[in-house]
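Enquirer: Quick one: the structure is below, questions incoming.
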Amino acid sequence: MTAWYAARIAAERRAPVPDEDRIQELSTARHKAVEDQARAEEASPEEAARIAADYAARLQALKDQ
């Protein structure tokens, strides 16, 4: 997820007219993903699996857009 967000942030910054609101939205989402990844490393196996499944579903939804 963090790589997906980073790629979208970079693409938005390269746009002829970057959308600063979109960049902020993507940056916030990327920061949350980094926090969740750190939390998953400390979580129980069940919680880590839930976090992973949630992000897998989010990534698929983003790719399908």
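So that you can map any letter, position 36 of the sequence shown is 45 in my numbering, and since no number is skipped, the others follow by simple counting.
Think of the CB as a built atom: it goes at the ideal place given N, C-alpha and C, for glycine as much as any other residue.
All values reported here derive from a predicted model rather than from experimental measurement.
Residues in the same chain with beta-carbon distance under 7 angstroms from aspartate 28, minus the five sequence neighbours each way, listed in chain order, please.
Expert: Here residue 28 is taken as the residue at index 19 of the sequence shown, counted from 1. Closer than 7 angstroms at the Cβ level, and outside the excluded window around aspartate 28, lie Glu21.
Enquirer: Can you list, in chain order, the residues of its chain with a C-beta nearer than 6 angstroms to that of arginine 17? Leave out the 5 residues immediately preceding and following it.
Expert: Indexing the sequence shown from 1 puts residue 17 at position 8. Excluding residues within five positions, the ones whose Cβ falls inside 6 angstroms are Leu35.
Enquirer: So with Cβ pairs under 8 angstroms, would you call isoleucine 32 a contact of chain C?
Expert: The structure shown has no chain C; it contains just one protein chain.
Enquirer: Among Asp45, Arg59 and Ala57, which one has its Cα closest to the Cα of threonine 11?
Expert: Position 2 of the sequence shown, counted from the first residue, corresponds to residue 11. When each option's Cα is compared against that of threonine 11, the closest is Asp45.
Enquirer: So what does DSSP say about valine 26, is it helix, strand or coil?
Expert: Taking the first residue of the sequence shown as 1, we reach residue 26 at position 17. Note: valine 26 maps to coil in three-state DSSP.
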